[in-house]
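Chains as they are written, first to last, in my numbering: chain W, -9 to 300; chain L, 89 to 197.
Beta carbons are placed, not taken as given, at the ideal position from N, Cα and C, and that holds for glycine.
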């Protein structure tokens, strides 16, 4: 196990009071928290600072940490021989554990926010993961696999880092930014405490044709000028297959034509709509006859699209 | 040894009926902290006047975010947590709107 100097991470002396430790942490949290920081490597720095504070803010964890002795950061080390007996019943295989794992497991024995017996049930750790899906995966649902490494007791009761592969069924109709919960797939509970959960933060890749807004989808509907004026029946792709859409005569640019129920659909039956947003597209190359016809139209029409500007 | 498991993921959205005790368990907040979030309007039970509040599953996300902000910034006062949470949500909504406006349909060009 590699040693980390938590006091140095917070910039405090080993004799710092609880208030001094808290003040130091708050200052560093404001500086490095990813939600507010523009510092380079803010996320990594915040993680170091938060890990240090998580241990030093708890009197029992701090005492256990102090009993590990002082070592050079990054050096491999082993706790003193009687350390395990002094701080809980767990047996640790120090080779596989990270320092943070050691104190996270101590929380199960000392209790959170109060006095607990060494055998009191304690819930397992929740895990969070970011998941990136293609539009098609989000639309139709999918299965994804995670590789996780969690610390839990083996058959001999020794705490070890155990690799776990979790396969998760993602329901159809998830949207960008949606959160999902996978019950019981976090860390193991201690002494019969409930297992933690796995929380997924969904990101959905953009699609070249469709833009999602909640369950609704939007797509561009390019129309030739005569189609917009005279109306037309046009063929469109949708996520569920091609359809024919009747474009009313006199369709202006920006008009949204709604295809009900053809947006994202959820397993419970709720579905959004697909909106085809009209765009008037003019040909850039016209032959002589077409140019002449456009000229006749120009002469025959009194339509002034800029009347409101005069 | 690698263990292989298959599990279903459940959407956290405006459906569901999560009890106060379940929300406490899922979020890591205390019941007193949850009540302060409700008082400040940061969390909304389905029926405020009900004897036993229930919440949509989306509230698990809100409550967990509140707990994360409380712990990340070492905030002692639940009222401060509620304010920070509302600001955080406002930033999220603005960033979402900015992404929507800066690309695709309905975008400013």
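At least one CB atom of chain L sits nearer than 8 Å to the CB of residue 159/W.
Among the CB atoms of chain L, none fall inside 8 Å of the CB of residue -4/W. For residue 293/W, the number of other beta carbons within 10 angstroms of its own is below 16, and it is reported as exposed. Listed along the chain, the chain W residues whose CB falls inside 9 Å of the CB of residue 100/L are 168, 169, 170, 171 and 189.
In chain order, 160, 161 and 162 make up the part of chain L whose C-beta sits under 9 Å from the C-beta of residue 19/W. Straight-line measurement puts the Cα of residue 232/W at about 53 Å from the Cα of residue 167/L.
Within 9 Å of the CB of residue 94/L, the CB atoms of chain W belong to 133, 156, 157, 158 and 159, in sequence order along the chain.
Excluding five sequence positions before and after residue 24/W, the CB atoms of its chain that fall closer than 8 Å to its own CB belong to 32, 33 and 36, given in chain order. In terms of Cβ geometry, residue 123/W and residue 100/L do not form a close pair [threshold 8 Å].
Chain L places a beta carbon closer than 8 Å to that of residue 203/W, counting this residue as a contact.
Our two residues, residue 180/L and residue 64/W, have alpha carbons roughly 37 Å apart in a direct line. Going by C-alpha positions, residue 273/W is about 10 Å away from residue 280/W. Only 12, 15, 16, 19, 20, 23 and 25 from the stretch 4 to 34 of chain W bring a Cβ to less than 8 Å from some Cβ of chain L. In terms of beta-carbon proximity, residue 106/L stays away from the interface with chain W, with every pair separated by 8 Å or more.
Residue 164/W belongs to the set of residues whose beta carbon lies under 8 Å from a beta carbon in chain L. Apart from the 5 residues on each side of it in sequence, residue 218/W sits with its Cβ closer than 8 Å to the Cβ of 237, 240, 241, 242, 243, 268 and 270 in its chain, given in chain order.
Rounded to the nearest whole angstrom, the CA to CA distance from residue 150/W to residue 139/W is 10 Å. By the Cβ neighbour-count rule, residue 158/W is buried, with 16 or more other Cβ atoms within 10 Å of its own. It is roughly 16 Å from the alpha-carbon of residue 284/W to the alpha-carbon of residue 295/W.
Going by beta carbons, residue 183/W and residue 112/W fall inside the 8 Å limit. Interface with chain W (8 Å Cβ-Cβ cutoff): residue 188/L is included.
Contact between residue 195/W and residue 117/W does not hold, since their C-beta atoms are separated by about 23 Å, which reaches or exceeds 8 Å. The C-alpha of residue 142/W lies about 33 Å from the C-alpha of residue 165/W. In the structure shown, residue 196/W falls within a coil segment according to DSSP collapsed to helix, strand and coil. When DSSP states are grouped into helix, strand and coil, residue 215/W belongs to the helix group. Close to chain W, meaning a Cβ-Cβ distance shorter than 9 Å, are the following residues of the stretch 132 to 152 of chain L: 145, 146, 148, 149 and 152. A check of alpha carbon separations from residue 22/W across 11/W, 6/W, 221/W and 40/W identifies 40/W as the nearest. Per DSSP, the continuous alpha helix (DSSP H) segment holding residue 169/L begins and ends at 166 to 189. Setting aside the 5 residues that flank it on each side, residue 134/L is surrounded in the same chain by 142, each with a C-beta closer than 6 Å to its C-beta; the list follows chain order. A contact is defined here as three or more CB-CB pairs under 8 Å, and the stretch 153 to 173 of chain L meets this definition with respect to the stretch 112 to 119 of chain L. Taking a Cβ-Cβ threshold of 9 Å, the residues of chain L close to residue 40/W are 159 and 160, in chain order. Where residue 270/W is concerned, the enclosing beta strand (DSSP E) starts and stops at 264 to 270. Spanning the alpha carbons of residue 146/L and residue 5/W requires a straight line of approximately 43 Å.
Note: residue 208/W is bridge-paired with 201/W and 265/W in the DSSP secondary-structure output.
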